[in-house]
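Q: Structure in structure tokens, see below.
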Amino acid sequence: MSVLCHMALRMVSQTTLKESLSQYEESRPFCTNAHLRPPEDFLQRTLMAAFLLRCLQKTNYFIDGEGNDDDVPNEEEQKIGELLLYNLEMLQFNAHEIYETRYEQENELENAKIGYIAVALYPTVALFNHECYPAVTR
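So the sequence shown is numbered by the working numbering: it starts at 179 and just counts up by one.
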């Protein structure tokens, strides 16, 4: 599972079901470029969203005490599935990597290496979407 898939799942799983459903109801301000995606990409993201939804079902996210063994998601689960799909589409173009500079010797730039730490979603930085304006890098 990629780091963006993991982040899409955590954006849902680290809040309560009620909070996630309110996110579903709110406007979604981030660019997904869904209209530009080929069908194969949409299929892959939909399958990943379905897999992540099933993970949430099995980990008691939706109901107290037992996992959902029903193959057909109910209305709340469908909304969370849609939110997961939105997150997967949106993170591709709006998430930014966080790096650190690692020095072999203190203050020596020649042998310094860039190391990946994490990925984050910053709404203000997302306004400088790297796909919309090619001079901006991730």
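Glycine included, C-beta positions come from ideal geometry on N, C-alpha and C.
Just to confirm my understanding: we take Leu-234, look at its own chain, exclude 5 residues before and 5 after, and list those with CB closer than 6 Å. What are they?
A: Locating residue 234 in the sequence shown gives position 56, counting from the first residue. Excluding sequence neighbours, Leu-234 sits near nothing in its chain.
Q: Could you pull the DSSP bridge partners for Leu-299 from this structure?
A: Along the sequence shown, read from residue 1 onward, the residue named residue 299 stands at position 121. For Leu-299, which the question treats as bridged, DSSP gives the partners Ala-273.
Q: Could you tell me the distance, in whole angstroms, from the CA atom of Ile-276 to the CA atom of Thr-224?
A: Taking the sequence shown and counting its residues from 1, one reaches residue 276 at position 98. Taking the sequence shown and counting its residues from 1, one reaches residue 224 at position 46. Cα-Cα distance, rounded: 27 Å.
Q: Under a Cβ-count criterion, where at least 16 other Cβ atoms within 10 Å of its own Cβ denotes burial, should Gly-259 be classed as buried or exposed?
A: Counted from its first residue, the sequence shown places residue 259 at position 81. That one is buried.
Q: Less than 6 Å between C-beta atoms, sequence neighbours within five positions excluded: which residues of the same chain meet that for Glu-282?
A: To locate residue 282, count along the sequence shown from 1; it is residue 104. Excluding sequence neighbours, Glu-282 sits near Asn-289.
Q: Tell me which same chain residues have a C-beta within less than 8 Å of the C-beta of Tyr-333, skipping the five on either side of it?
A: This structure cannot settle anything about residue 333, because the visible part of the chain is limited to 179 through 316.
Q: With burial defined as no fewer than 16 other Cβ atoms inside 10 Å of the residue's Cβ, what is the status of Leu-287: buried or exposed?
A: Here residue 287 refers to the residue found at position 109 of the sequence shown. By the 10 Å Cβ count, Leu-287 comes out exposed.
Q: Whole angstroms is fine: what's the gap from Glu-218's alpha carbon to Asp-249's?
A: Here residue 218 refers to the residue found at position 40 when the sequence shown is read from its first residue. Here residue 249 refers to the residue found at position 71 when the sequence shown is read from its first residue. Approximately 24 Å, taken between the alpha carbons.
Q: For a test of the three-state rule: what should DSSP assign to Tyr-239, helix, strand or coil?
A: Start at 1 with the first residue of the sequence shown, and residue 239 comes out as number 61. Tyr-239: coil per DSSP, three-state reduction.
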